[in-house]
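In my numbering, the protein residues as written are 9 to 293.
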Amino acid sequence: MPYQFNVGSVVMPLKKFLKKRKRLLAITNYFYYWALNFGLDIPKFLAIWRFPGVVREFFIIKKLNNDNASGWKIKFSMPSLFDMYERSGVASGHYFHQDLLVAQRIFELEPEKHVDIGSSVGSFVAHVATFREIEVLDIRGLVSKTPNIIFRQCDFTRLPDDLVGYCDSVSCLHALEHFGLGRYGDTLDIDGHLRGFDSLHKILKPDGTLHLSFPVGTERIEFNAHRVFALKTPLEWAKGRFKLIGFSYVDDEGDLHKDVTLDAAALSNNFNLDYGCGIYEFRKI
Numbered sequence: 009m010p011y012q013f014n015v016g017s018v019v020m021p022l023k024k025f026l027k028k029r030k031r032l033l034a035i036t037n038y039f040y041y042w043a044l045n046f047g048l049d050i051p052k053f054l055a056i057w058r059f060p061g062v063v064r065e066f067f068i069i070k071k072l073n074n075d076n077a078s079g080w081k082i083k084f085s086m087p088s089l090f091d092m093y094e095r096s097g098v099a100s101g102h103y104f105h106q107d108l109l110v111a112q113r114i115f116e117l118e119p120e121k122h123v124d125i126g127s128s129v130g131s132f133v134a135h136v137a138t139f140r141e142i143e144v145l146d147i148r149g150l151v152s153k154t155p156n157i158i159f160r161q162c163d164f165t166r167l168p169d170d171l172v173g174y175c176d177s178v179s180c181l182h183a184l185e186h187f188g189l190g191r192y193g194d195t196l197d198i199d200g201h202l203r204g205f206d207s208l209h210k211i212l213k214p215d216g217t218l219h220l221s222f223p224v225g226t227e228r229i230e231f232n233a234h235r236v237f238a239l240k241t242p243l244e245w246a247k248g249r250f251k252l253i254g255f256s257y258v259d260d261e262g263d264l265h266k267d268v269t270l271d272a273a274a275l276s277n278n279f280n281l282d283y284g285c286g287i288y289e290f291r292k293i
């Protein structure tokens, strides 16, 4: 009898391995973030083994300096033990993809007035400021001397009256999930994200565009960092107020899936994401 290959004999062990790998990564990240908040970066601490090599390289560079009569004054004052093991940059992950994707959309749409709520100033806001003016609202302060960045400090869960119907385009990238958890000095409020979403609706003019992103997967609060939402949750908030125009997401590996259809299967299993990033584009009804 010819041998019959059993797919299950490979698939099932692979699924178990991936599940154990995810669990191990979750446990590792748990301890890593706790240690980091107390000032201990374990991976960098372990790089101490590189120190003897750096000392040796210091004396080599001093000798080269002396042999060539280069005249440099050399101080052993800023050792960098870890950099050679890092990549040259990060071209993946939540922030890289969402910031670039939404900035490109704003460039394409050319809104009259764009306002951002709490997104990364160093990446997303900077992207947009290269080609247009952007107003930034955040609960924390910001000193900006860049002409294209206009800043206003406020608690966005309590929208000031003068901001109602204020703009035709608004972004809130990787920020709404924090509202009400106290991480940034905001008032503790279990429904802070809902109050923030209400303000996103109020600040927009009719037909205005909302660019919204946050962690997606199995719903939970990882205190006091952030909430993680199911894919369908913002669609429930949007009923009667917004129409979904487009959706993209970043998976657990940091890769972008652009212009994806949110069908029943996806809304049921969240694309099997644990900690992905959902990027929603809504239009106000």
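Even for Gly, the Cβ is constructed at its ideal location relative to N, Cα and C.
All values reported here derive from a predicted model rather than from experimental measurement.
Can you give the Cα-Cα distance for residue i and residue j, rounded to whole angstroms?
| i | j | result |
| --- | --- | --- |
| Asp170 | Ile211 | 9 Å |
| Glu289 | Thr165 | 21 Å |
| Val63 | Pro87 | 9 Å |
| Tyr93 | Cys175 | 45 Å |
| Gly79 | Ala99 | 39 Å |
| Phe187 | Phe139 | 29 Å |
| Arg203 | Val172 | 14 Å |
| Phe222 | Ile198 | 17 Å |
| Phe104 | Glu65 | 35 Å |
| Ala77 | Ile68 | 14 Å |
| Asp146 | Arg249 | 24 Å |
| His219 | Val110 | 7 Å |
| Ser131 | His234 | 20 Å |
| Asn14 | Leu32 | Note that Asn14 has pLDDT 48, beneath the 50 cutoff, so the model's placement of it is unreliable and no number is given. |
| Leu243 | Ile229 | 19 Å |
| Leu275 | Thr154 | 41 Å |
| Phe237 | His122 | 25 Å |
| Tyr38 | His209 | 35 Å |
| Leu167 | Gly216 | 17 Å |
| Leu54 | Gly47 | 14 Å |
| Phe73 | Phe255 | A small correction: the amino acid at residue 73 is Asn; Phe does not occupy that position in the sequence shown. Roughly 57 Å separates the two Cα atoms. |
| Thr36 | Arg29 | 10 Å |
| Gly61 | Val129 | 38 Å |
| Leu189 | Asp75 | 60 Å |
| Gly97 | Phe59 | 23 Å |
Tell me where the alpha helix (DSSP H) around residue i begins and ends.
| i | result |
| --- | --- |
| Val110 | His102 to Leu117 |
| Lys70 | Phe59 to Asp75 |
| Asp206 | Gly200 to Ile211 |
| Tyr293 | In the sequence under discussion, the amino acid at residue 293 is Ile, which differs from the Tyr named in the question. It is not in any alpha helix (DSSP H) - Ile293 carries neither H nor E in the DSSP assignment. |
| Glu244 | Thr241 to Ala246 |
| Leu275 | Ala272 to Asn277 |
Does the separation of the CB atoms of residue i and residue j fall below 8 Å?
| i | j | result |
| --- | --- | --- |
| Gly284 | Asp259 | yes |
| Thr195 | Asp282 | no |
| Val133 | Val144 | yes |
| Cys180 | Ser127 | yes |
| Ser207 | Ile114 | no |
| Leu239 | Ala246 | no |
| Gly193 | Arg148 | yes |
| His182 | Gln106 | yes |
| His135 | Leu108 | yes |
Who are the Cβ neighbours of residue i in its own chain at under 6 Å, not counting the five residues just before and after it?
| i | result |
| --- | --- |
| Arg191 | Asn232 |
| Asn156 | Ala137 and Glu141 |
| Asn277 | none |
| Leu184 | His201, Gly204 and Phe222 |
| Thr241 | none |
| Lys52 | Phe90 |
| Ile158 | Glu143 |
Can you list, in chain order, the residues of its chain with a C-beta nearer than 7 Å to that of residue i? Leave out the 5 residues immediately preceding and following it.
| i | result |
| --- | --- |
| Tyr257 | Val224, His265, Val268, Phe279, Gly284, Cys285, Gly286 and Ile287 |
| Pro214 | Lys292 |
| Lys70 | Ile82 |
| Gly262 | Ser100 and Gly101 |
| Tyr40 | Ile50 |
| Pro119 | Asp176, Ser177 and Thr217 |
| Arg95 | none |
| Ser85 | none |
Check for me: the beta strand (DSSP E) holding residue i runs from which residue to which?
| i | result |
| --- | --- |
| Phe159 | Ile157 to Gln161 |
| His122 | His122 to Ile125 |
| His234 | His234 to Val236 |
| Leu252 | Phe250 to Val258 |
| Glu261 | No beta strand (DSSP E) contains Glu261, which DSSP labels as neither H nor E. |
| Leu48 | First-last for Leu48: undefined, no H or E at that position. |
| Val129 | It is not in any beta strand (DSSP E) - Val129 carries neither H nor E in the DSSP assignment. |
| Val144 | Ile142 to Asp146 |
| Ile229 | Arg228 to Glu230 |
Does the beta-carbon of residue i, which I'm using as the reference point, lie nearer than 7 Å to any heavy atom of the ligand NAD?
| i | result |
| --- | --- |
| Ala111 | Among the components of this structure there are no ligands whatsoever, and the ligand NAD is therefore not found. |
Short of 8 Å in beta carbon distance, which residues of its chain neighbour residue i, apart from the five on each side in sequence? Order them along the chain.
| i | result |
| --- | --- |
| Ile56 | Leu89 |
| Met9 | Interpretation of Met9 is limited by its pLDDT of 49, a score under 50 that renders its predicted location unreliable; the figure taken from the coordinates is listed afterwards. Correct list: empty, nothing qualifies. |
| Ala43 | Asp49 and Ile50 |
| Ala34 | Asp282 |
| Asn45 | none |
Going residue by residue through the segment 169-204, where are the continuous beta strand (DSSP E) segments of at least 3 residues, counting only ones entirely within it?
175-181
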